[in-house]
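Enquirer: Quick one: this structure, given as structure tokens, is what I'll be asking you about.
Set out below in structure tokens:
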């Protein structure tokens, strides 16, 4: 059975904070150098996923599209090679995307015949819809963070809000950094994952704040740093066990869940790990730091 | 034991039974005529069962333009009735959101009287924007602009619904999004191309007279000129954009009040235009599809070819009779969505109110199919506006089947891991947690069915995550109970304190997650929305099961408080 240890988490804030800061700066640099690989949802364009019933070479397909003037911007095979599944990305800055997408199926029909291939998925996003989705995605993220900030300020104390928000922004930024680094596609699903992570990450933080408040009332003589360290230590076993269960589910889904939800759980897995880290080393200690800072100012 | 436990236990039993009944039709194939009270199955999202998801946008600029042109024509007619001679002037659309159209008075002295008359008749739809010499210029009234937007949206939805109903899709969803968007979801649709064509087609039917004073040779000369100036149809471009560009380019050559339209012959297999014939037709139309009573497929017995027979409403029949009577010898073009279908010469006044649309070349079956779809869209009514496909997602049925299988399997494995860990780590109490988690999933699924929400692939992910996160409630309580036991409390007291102290931590944690979920719900469309709904429902069921249900189960487990030890 776990016994309550006494680790000085608040003391580690400076080191952890520096590490996190480096990761965030790294993300910002990546953002401007490599850039986010937006999926069709946000970039606009056409994506066609096609499965052939017999072997088709990637180069053969590329050649075919080129010869028929299909504006192919990217072609990749999905999953096992034996599955003969391909993803075609088409771009067309002006004109009718619908026609561009129809062009693909008519080229395939003439070349292979209707029975030999199947369109698994076909996404068409107009440029206007694409940029609007992008704006509303970032708005949704901002709103979520704002709503949580207001709730924390009302339910607890304004001194808790900055730490929690810093942690949330920290988590979201670094996950986006991971997506830029791996050049995985940033799609609507990933935004959903980010919002789920925001909800989850603050979950941990709130549980500990709750304990901080309880200790503050039962032990009024303790200093803020002591209260916070004590709250962190007392809830540590819960924090670890809960994170392990969520992480377990997330990793299983990542490995066996299939290609469609793979990226979603890639974000989730990183998010869960970051969420715990930022709760323990950023959100909660920052409260102590913030309090010290503000009392110094008023004193 | 705490007061009221019997009530809470009965409530739980009732909920479990109700949920089992709700999910039964989804998991067992019930016969249609079976007497089981619940019939509805879980709604699978498009990503799981295949189908078509579309976001259609309304091009309001074009609507405004057409409205202002049509009102300018009406105004000239009204003035004529009051004895004021005038002609339709030019369109000015520097601000596409607020186009203006001028009316040229024959006598400048009529100006005040004309303004007076037009204010009397068109005070609401028109507003005076310029008043100079013999020219009066009008834009659309501010309130009228708003009204156009509202009616265009609701009418479009109505028309699309009519068309889909005739097409036959089970459980289509057609909703508005914002002020200028329509979202259409057609689960399980097989013939995607046909569905798209039926929905996106404006089906605007117009009868316009052809100006035959300009010879076809001159027309072709003009088109050559436009081509040299760079106006040419490019692959992938919208046809209607091309036509409006040509007319803009040739505005100085074309006689006033006339524009170019084409009759298009397509190769049915490749969809490539094989023949284009230009026509010079009136800008507005004296008679449109709005006056249609009925459109049905008929067969020409002599040539054994299908065509679409049209019947006008009484008012339309009257107009048709009048205009044919006044224009004997001219050609009347039947224009559908800007393309000339046919242009027969008017032989004499046509009474009785019927007309027909003959279709292009092709074999019997494909002509029959074309006639059927055309009659369908004409019957269902024209869209009041042109719709633009802004977003469109097609999922083939086999992708969904494979994805469901894999995600379900992984979710089960994940849940199994978590629950076995709970049983191992918390012993008997872990078993209680397992029961609550199973109930949690049961309640989530049955709630999804009862509120008619859609289960999408991210939704399955949501349920898997709910399992992972729901144990958090149990863990919070158990860790607290362990702490209190270590502090020397009796099992009964420790359990009571544990539940009491953990309550707010559970509530706060779930409320913050719910806030993020609400933002997601507000932002998302389609599958993402499905994820948000599942997440939100999961939060409600989690709070209920991991707190209230656990509590009842613990009370049963502990009995009257006589237990000396607790398996936790």
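Protein chains in written order, with my numbering: chain A, 151 to 449; chain B, 570 to 1137.
Cβ atoms here follow ideal geometry from the backbone N, Cα and C, with glycine treated the same way.
For clarity, every value in this text was computed on a predicted model and none was experimentally measured.
At the level of alpha carbons, what is the spacing between residue 708/B and residue 891/B?
Expert: Between residue 708/B and residue 891/B, the C-alpha separation is close to 30 Å.
Enquirer: Are the Cβ atoms of residue 343/A and residue 418/A separated by less than 8 Å?
Expert: Against a cut-off of 8 Å, the Cβ pair of residue 418/A and residue 343/A comes out as a contact.
Enquirer: Under the assumption that residue 905/B contacts residue 774/B (Cβ atoms under 8 Å), give the Cβ distance between them as a whole number of angstroms.
Expert: Yes, residue 905/B and residue 774/B are in contact; Cβ-Cβ is about 5 Å, under 8 Å.
Enquirer: Check whether chain B comes within 8 Å of residue 407/A, counting only Cβ atoms and requiring the distance to be less than that.
Expert: For residue 407/A, the answer is yes, since a Cβ of chain B falls inside 8 Å of its Cβ.
Enquirer: In chain order, what residues of the same chain lie with their CB nearer than 7 Å to the CB of residue 335/A, ignoring the 5 residues before and after it?
Expert: Correct list, in chain order: 187, 189 and 413.
Enquirer: On the criterion of 16 or more Cβ atoms from any shown chain inside 10 Å, does residue 193/A qualify as buried, or is it exposed?
Expert: It is buried - the Cβ of residue 193/A has at least 16 other Cβ atoms within 10 Å.
Enquirer: What is the residue span of the beta strand (DSSP E) that residue 253/A lies within?
Expert: Residue 253/A -> not in any beta strand (DSSP E); alpha helix (DSSP H) instead, spanning 247 to 262.
Enquirer: With a cut-off of 8 Å on the beta carbons, I'd call residue 241/A and residue 270/A a contact; round off their distance for me.
Expert: In fact, because the Cβ distance is near 20 Å, the residues do not count as touching under 8 Å.
Enquirer: Output, in sequence order along the chain, the residues in the stretch 713 to 734 of chain B whose CB is closer than 8 Å to any CB in chain A.
Expert: Answer set for the stretch 713 to 734 of chain B: empty.
Enquirer: For the candidate residues 752/B, 636/B and 681/B, whose alpha-carbon lies nearest to that of residue 714/B?
Expert: The residue with the shortest Cα to Cα distance from residue 714/B is 636/B.
Enquirer: Are there three or more Cβ pairs, one per stretch, closer than 8 Å when the stretch 877 to 886 of chain B is compared with the stretch 921 to 931 of chain B?
Expert: As far as the Cβ criterion goes, the stretch 877 to 886 of chain B touches the stretch 921 to 931 of chain B, which means the pair count is three or higher.
Enquirer: By how many angstroms is the C-alpha of residue 237/A removed from the C-alpha of residue 219/A?
Expert: Cα to Cα, residue 219/A sits roughly 17 Å from residue 237/A.
Enquirer: May I ask you to list the residues that DSSP assigns as paired with residue 612/B?
Expert: Paired residues: 1023/B.
Enquirer: Quick check: the Cα distance between residue 1011/B and residue 1060/B, rounded to an integer number of angstroms?
Expert: Taking the straight line joining both Cα atoms gives about 30 Å.
Enquirer: Assuming the contact rule is C-beta atoms closer than 8 Å, residue 959/B and residue 278/A should be a hit. Round their C-beta distance to whole Å, please.
Expert: Indeed, because the Cβ distance is near 6 Å, the residues count as touching under 8 Å.
Enquirer: In terms of alpha-carbon separation, which member of 1088/B, 673/B and 1037/B lies closest to residue 1115/B?
Expert: Selected option, being the one with the closest Cα: 1037/B.
Enquirer: Which word fits residue 369/A, buried or exposed, when buried means at least 16 other C-beta atoms lie within 10 angstroms of its C-beta?
Expert: Residue 369/A should be labelled exposed.
Enquirer: What does residue 622/B pair with, by DSSP beta-bridge criteria?
Expert: The partner list for residue 622/B (beta bridge, DSSP) reads 754/B and 962/B.
Enquirer: Under 7 Å Cβ to Cβ from residue 944/B, same chain only, skipping five residues before and after it: list those, please.
Expert: Taken in chain order, the residues that qualify are 864, 865, 866 and 877.
Enquirer: Could you work out which residues of chain A lie near residue 1220/B, taking near to mean beta carbons separated by less than 7 Å?
Expert: Outside the modelled stretch of chain B, which goes from 570 to 1137, sits residue 1220/B, for which no answer is possible.
Enquirer: Note down, in chain order, every chain A residue with its Cβ under 7 Å from the Cβ of residue 997/B.
Expert: Going along chain A, no residue has its Cβ under 7 Å from residue 997/B, so there is no contact; the nearest lies around 15 Å.
Enquirer: Does the beta-carbon distance from residue 965/B to residue 1031/B come in below 8 Å?
Expert: Not closer than 8 Å, so no.
Enquirer: So, with DSSP's three-state summary, where would you put residue 977/B?
Expert: Residue 977/B: helix per DSSP, three-state reduction.
Enquirer: Cutting at 8 Å between CB atoms, please list the residues of its own chain near residue 1076/B, excluding the five before and the five after it.
Expert: Counting only Cβ-Cβ distances below 8 Å, and skipping sequence neighbours, we find 1112.
Enquirer: Could you tell me whether any non-hydrogen atom of the ligand HEM is closer than 7 Å to the CB of residue 369/A?
Expert: Looking for the ligand HEM in the displayed structure turns up nothing, as the structure carries no ligands at all.
Enquirer: If you count every other CB in all the chains shown that lies within 10 Å of the CB of residue 748/B, and 16 or more means buried, which is it?
Expert: The residue is exposed, with fewer than 16 neighbouring Cβ atoms inside 10 Å.
Enquirer: With 8 Å as the threshold, decide whether the Cβ of residue 772/B is near any Cβ in chain A.
Expert: Residue 772/B does not count as touching chain A.
Enquirer: Quick one: any contact between the stretch 649 to 659 of chain B and the stretch 618 to 626 of chain B, if contact means 3 or more CB pairs under 8 Å?
Expert: Segments in contact, no.
Enquirer: From 612/B, 592/B, 615/B and 802/B, pick the residue whose C-alpha is nearest to that of residue 605/B; which is it?
Expert: Nearest option by C-alpha distance: 592/B.
Enquirer: List the residues that DSSP assigns as beta-bridge partners of residue 876/B.
Expert: Note: residue 876/B sits in a beta bridge opposite 867/B.
Enquirer: Looking at the structure shown, is residue 223/A part of a helix, part of a strand, or coil, going by DSSP?
Expert: Strand, per DSSP.
Enquirer: Any Cβ of chain A within less than 8 Å of the Cβ of residue 1114/B?
Expert: So no, residue 1114/B is outside the interface.
Enquirer: So which residues of chain B does residue 192/A contact, with C-beta pairs closer than 8 Å?
Expert: Under the 8 Å cutoff, chain B gives no residues; its nearest Cβ is about 11 Å from residue 192/A.
Enquirer: Does any CB atom of chain B fall closer than 8 Å to the CB of residue 395/A?
Expert: It does: the Cβ of residue 395/A has a partner Cβ on chain B nearer than 8 Å.
Enquirer: Once the 5 residues before and after residue 425/A are set aside, which same chain residues still bring their CB inside 7 Å of it?
Expert: Excluding positions up to five away in sequence, the list reads 321, 347, 350, 351 and 354.
Enquirer: Spatial neighbours of residue 696/B within its chain, please: CB distance less than 8 Å, with the 5 preceding and 5 following residues excluded, ordered by chain position.
Expert: Counting only Cβ-Cβ distances below 8 Å, and skipping sequence neighbours, we find 707, 708, 709, 710 and 711.
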